[in-house]
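In terms of UniProt numbering, the sequence shown is residues 1 to 308. We put the beta carbon where it would ideally sit given N, CA and C, even for glycine. Read through the structure below, which is laid out as structure tokens, and then see the notes.
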Amino acid sequence: MIYTVTLNPAVDYYMDMNKLEEGELNKVNNSYTLAGGKGINVSKVLKNFGIESMALGFCGGFTGEYIRADLNKYGIKDNFILLEEDTRINVKIKTEKKETEIMGKSPKILKQNIDALLSIIDSIEDNDILVLSGSVPSSVKEDIYKDIIDKTKSKNNVRVIVDSRDNAFKIAVKEKVFLTKPNKKELSEYFGKDIRSVYDIIVYAQQLVKDGSENVIVSLGKEGSIIVNKDEAYIGNAPDGELVSSVGAGDAMVAGIVYGISQNLSIIDAYKYAIASGTATAFSEGLTTFENMNNLLDKVEVKKINLK
């Protein structure tokens, strides 16, 4: 079974407008709402690819009900811990020139809520895949991902994937995880360095491997991405196409590699699905379908980098 954990989900309210002027009345050309959150996005892309997963995390109030109803409509199973306070609302604004996000306030999560989640994690079985995605709410301690990973250590071959940042990410990496997916900025933040060149990205990604991440994918936007492990490094292209929205592209990359792993592919072959999934999402309004991802696979180029 594949489990995705979203500690800090949201109802994402998307708005498309010509321009955004602070202090003025702004006209919206188009708008829609979706159940958001990085782990939820991973579950949705996997569902689009015909792969079942169980969505875990916290949600509450009318917005929490919306998220669970949206997942149910999508055909995704969930076992969210219910909170008293409302799940946050995030606003994502796309204009002709840029994309802007406004992050809503997270609900308070109590100790009994966390204990309930850890109890569910305890039921994970051998060979399952666990995806830990997104930020940690301010009411939850920073080592929550460590506590979750600890629950899997008595099982065999549970592959843990972490896509987060800040101290929660730093603590989780030390627990020996299967894969992490920082972007270039997050890699720079992790090491406190201004990382720019491909050479530097590989050097610091190798250090992240030493810190505890068996595999590291560093996403570089339109410049492609790099995958590194203790033995080798590869650079992948970003297939040509028209950018519609970068929202969810990183989550689709995670879903793509999980899909490849679930099909018993090598990590490098699974990486090709990650590239195609992330790119197809960037070229779509919303998350990619299997067809759109599959149409890009033959445009994916992965080249080995000589580490000597």
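{"Check": "Using C-beta distances below 6 Å, list every residue in its chain close to V300, excluding the 5 sequence neighbours before and after it, in chain order.", "Outcome": "K272, I275 and A276"}
{"Check": "Which term fits E186, buried or exposed, when burial requires 16 or more other beta carbons within 10 angstroms of its beta carbon?", "Outcome": "buried"}
{"Check": "For the region 251 to 269 and the region 190 to 197, state whether three or more C-beta atom pairs, one from each stretch, are separated by less than 8 Å.", "Outcome": "no"}
{"Check": "Taking the alpha-carbon positions, what's the K98 to N8 distance?", "Outcome": "25 Å"}
{"Check": "Between R165 and the rest of its own chain, which residues show a CB-CB distance below 6 Å, the 5 nearest in sequence each way excluded?", "Outcome": "E186"}
{"Check": "Which residues mark the beginning and the end of the beta strand (DSSP E) in which D211 is found?", "Outcome": "No beta strand (DSSP E) contains D211, which is instead part of the alpha helix (DSSP H) from V198 to D211."}
{"Check": "At the level of alpha carbons, what is the spacing between S154 and L117?", "Outcome": "17 Å"}
{"Check": "Consider the C-beta atom of K185 and the heavy atoms of the ligand FAD; say whether any pair is separated by less than 7 Å.", "Outcome": "Here there are no bound small molecules, and the ligand FAD is not part of this structure."}
{"Check": "Pair every Cβ in the region 225 to 233 with every Cβ in the region 15 to 23, then say whether three or more of these pairs are closer than 8 Å.", "Outcome": "no"}
{"Check": "So the beta strand (DSSP E) V162 belongs to, where does it begin and stop?", "Outcome": "R159 to D163"}
{"Check": "Quick one: is N41 buried, meaning 16 or more other Cβ sit within 10 Å of its Cβ, or exposed?", "Outcome": "buried"}
{"Check": "Report the option in N72, I51, G23 and K92 whose CA atom is closest to the CA atom of E285.", "Outcome": "K92"}
{"Check": "May I ask you to report which of helix, strand or coil DSSP gives E186?", "Outcome": "helix"}
{"Check": "If we call anything under 8 Å between Cβ atoms a contact, is L132 one with V173?", "Outcome": "no"}
{"Check": "Quick one: give me the first and last residue of the alpha helix (DSSP H) that L118 is part of.", "Outcome": "K111 to I121"}
{"Check": "Only counting the same chain, and skipping five residues up and downstream in sequence, which positions put a Cβ closer than 8 Å to that of A233?", "Outcome": "I202, A205, Q206, I226, I227, K304, I305 and L307"}
{"Check": "For M54, report the span of its beta strand (DSSP E) as first-last.", "Outcome": "M54 to G60"}
{"Check": "In the DSSP output, which residue or residues are listed as bridge partners for T100?", "Outcome": "I93"}
{"Check": "By the 10 Å Cβ neighbour count, where 16 or more other Cβ atoms means buried, how is F80 classified, buried or exposed?", "Outcome": "buried"}
{"Check": "Could you name the residues of the same chain whose beta carbon sits closer than 6 Å to that of I148, not counting the 5 residues immediately before and after it, in chain order?", "Outcome": "I121"}
{"Check": "Please report the distance separating the alpha-carbon of S139 from that of A69.", "Outcome": "25 Å"}
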